[in-house]
Amino acid sequence: KQEVTQIPAALSVPEGENLVLNCSFTDSAIYNLQWFRQDPGKGLTSLLLIQSSQREQTSGRLNASLDKSSGRSTLYIAASQPGDSATYLCAVSRGSTLGRLYFGRGTQLTVWP
Amino acid sequence: DAEITQSPRHKITETGRQVTLACHQTWNHNNMFWYRQDLGHGLRLIHYSYGVQDTNKGEVSDGYSVSRSNTEDLPLTLESAASSQTSVYFCASSESLGKYNEQFFGPGTRLTVL
Numbered sequence: 466k467q468e469v470t471q472i473p474a475a476l477s478v479p480e481g482e483n484l485v486l487n488c489s490f491t492d493s494a495i496y497n498l499q500w501f502r503q504d505p506g507k508g509l510t511s512l513l514l515i516q517s518s519q520r521e522q523t524s525g526r527l528n529a530s531l532d533k534s535s536g537r538s539t540l541y542i543a544a545s546q547p548g549d550s551a552t553y554l555c556a557v558s559r560g561s562t563l564g565r566l567y568f569g570r571g572t573q574l575t576v577w578p
Numbered sequence: 012d013a014e015i016t017q018s019p020r021h022k023i024t025e026t027g028r029q030v031t032l033a034c035h036q037t038w039n040h041n042n043m044f045w046y047r048q049d050l051g052h053g054l055r056l057i058h059y060s061y062g063v064q065d066t067n068k069g070e071v072s073d074g075y076s077v078s079r080s081n082t083e084d085l086p087l088t089l090e091s092a093a094s095s096q097t098s099v100y101f102c103a104s105s106e107s108l109g110k111y112n113e114q115f116f117g118p119g120t121r122l123t124v125l
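These protein sequence lines map, in sequence, to chains A and B. Residue numbering for the first sequence follows our numbering, starting at 466 and increasing by one per position. Residue numbering for the second sequence follows our numbering, starting at 12 and increasing by one per position.
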């Protein structure tokens with residue numbers, strides 16, 4: 466069974482800091498890894514998708530890396546802003562259970578002015 | 012713009028009642044998924060479908076059913092609602108499977124079973 470863990474569970478930083486969110490998974494036979502953002506009371510917004518053959522993906526101030534062999538991904542947020550405050554979730558897709566996502570419990574990020 | 016919608020957004024019901032949550036997507040995606048989100052558990056898969064007339068059970072399917080009669084809709088039915096089914100329910104869809112499987116989520120339905 467695929468287990469996905471996110472560390473830390475919560476993070477509070479001042480505006481302007483660069484920060485790293487961590488995601489680890491137990492089964493390295495993944496098809497891809499997806500990072501989501503969830504605002505309170507809202508749905509999930511897809512941020513980045515990294516295919517298993519890729520090492521990283523970038524979108525604006527966000528950079529996600531993937532090390533499949535060690536079962537790890539990191540989401541790097543540059544120059545954090547109060548608007549980045551949300552819960553960040555990672556999820557992996559396995560080949561043996563096509564299309565299904567296995568989620569971590571998320572990191573709750575607060576960026577204060 | 013193409014989108015995925017869920018209705019109702021909030022629902023309060025009583026134990027034992029049948030409840031149906033609607034999910035509609037306009038991307039023409041073949042793959043649709045239902046998840047529930049609970050504190051301490053994260054998101055867990057309830058049911059999923061790879062196309063019309065196809066349905067499959069996820070890890071927490073007991074007490075739930077789905078049917079897929081067209082590409083756009085995947086309604087989720089709670090046959091006899093229980094307090095343990097109080098949760099936030101999310102519908103998602105994706106165009107393809109495998110490594111290009113990027114899933115897009117609806118806004119969620121908050122269900123309370125009294």
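By construction, the Cβ of each residue, glycine as well, lies at the ideal position given by its N, Cα and C atoms.
Beta-carbon neighbours of residue i, restricted to chain A and to distances below 9 Å
i, result
"Asn39/B", "Near Asn39/B there are no residues of chain A at all, since even the closest Cβ is about 16 Å away, more than 9 Å."
Spatial neighbours of residue i in its chain, beta-carbon cut-off 8 Å, leaving aside the 5 residues before and after
i, result
"Gly536/A", "Ser489, Phe490, Thr491, Asp492, Ser493"
"Gln64/B", "Arg79, Ser80"
"Gln519/A", "Leu531"
"Pro86/B", "Thr31, Leu32, Ala33, Cys34, Val77, Ser78"
"Gly564/A", "Ser558"
Neighbouring residues, chain A, relative to residue i (Cβ below 8 Å)
i, result
"Tyr59/B", "Gly564, Arg565"
"Asn42/B", "Gly564"
Close-in-space but distant-in-sequence residues of the same chain around residue i (CB under 7 Å, 5 per side omitted)
i, result
"Ser517/A", "Ile495, Tyr496, Asn497, Lys533"
"Ser470/A", "The question names Ser, yet the displayed sequence has Thr at residue 470/A. Result list for Thr470/A: Ser489, Gly569, in chain order."
"Val576/A", "Val478, Glu480, Ser545, Gln546, Pro547, Asp549, Ser550"
"Lys507/A", "none"
"Arg526/A", "Ile542, Ala543, Ala544"
Chain B contact residues for residue i, given Cβ-Cβ distances below 9 Å
i, result
"Val548/A", "In the sequence on display, residue 548/A carries Gly and not Val. Per Cβ cutoff of 9 Å: no residues; Gly548/A is ~19 Å from chain B at best."
Residue i: contacting residues in chain B (beta-carbon distance under 8 Å)
i, result
"Gly571/A", "Gly53"
Other residues of its chain near residue i: CB distance less than 6 Å, five sequence neighbours each side excluded
i, result
"Arg99/B", "Rather than Arg, the amino acid found at residue 99/B in this sequence is Val. Answer for Val99/B: Gln48, Gly119, Arg121, listed in chain order."
"Leu514/A", "Asn497, Gln499"
"Tyr541/A", "Val485, Asn528"
"Ala475/A", "Gln573"
"Pro578/A", "Glu480, Pro547"
"Glu25/B", "Leu125"
"Glu482/A", "Ser545"
For residue j and residue i, believed in contact at Cβ under 8 Å, the rounded distance
i, j, result
"Leu89/B", "Gly69/B", "Not really, about 15 Å apart at Cβ, beyond 8 Å."
"Arg28/B", "Ala93/B", "Actually they do not touch by this definition, with Cβ atoms about 10 Å apart."
"Tyr59/B", "Phe101/B", "With 8 Å as the limit, Tyr59/B and Phe101/B do not qualify as a contact, their Cβ atoms being about 12 Å apart."
"Ser524/A", "Leu512/A", "7 Å"
"Thr97/B", "Thr123/B", "5 Å"
Proximal residues of chain B, C-beta to C-beta of residue i below 7 Å
i, result
"Ser489/A", "The premise fails here: Ser489/A is roughly 14 Å from chain B at the closest Cβ pair, so nothing lies under 7 Å."
"Ser558/A", "Asn112"
Neighbouring residues, chain A, relative to residue i (Cβ below 7 Å)
i, result
"Leu56/B", "Arg565"
(Q) What are the residues in the segment 108-119 of chain B lying within 8 Å of chain A by C-beta distance? (A) Leu108, Gly109, Lys110, Tyr111, Asn112, Glu113, Gln114, Phe115, Phe116, Gly117, Pro118, Gly119
Q) Does the segment 36-43 of chain B come within contact of the segment 105-120 of chain B, defined as at least 3 CB pairs closer than 8 Å? A) yes
Q: Determine contact between the segment 17-37 of chain B and the segment 51-71 of chain B, defined as no fewer than three beta-carbon pairs at a distance below 8 Å.
A: no
Q) Is there contact here, the segment 500-518 of chain A with the segment 539-555 of chain A, by at least three beta-carbon pairs under 8 Å? A) yes
Q: May I ask you to list, following chain order, the residues of the segment 466-477 of chain A that have a beta carbon less than 7 Å from some beta carbon of chain B?
A: none
Q: Using a Cβ-Cβ cut-off of less than 7 Å, list which residues of the segment 85-106 of chain B approach chain A; keep chain order.
A: Phe101, Ser105
Q) How about the segment 16-32 of chain B and the segment 474-487 of chain A: do they share at least three Cβ pairs that are nearer than 8 Å? A) no
Q: Could you please tell me which residues of the segment 508-534 of chain A, in chain order, have their CB closer than 8 Å to any CB of chain B?
A: Gly508, Leu509, Thr510, Ser511, Leu514, Gln516, Ser517, Ser518
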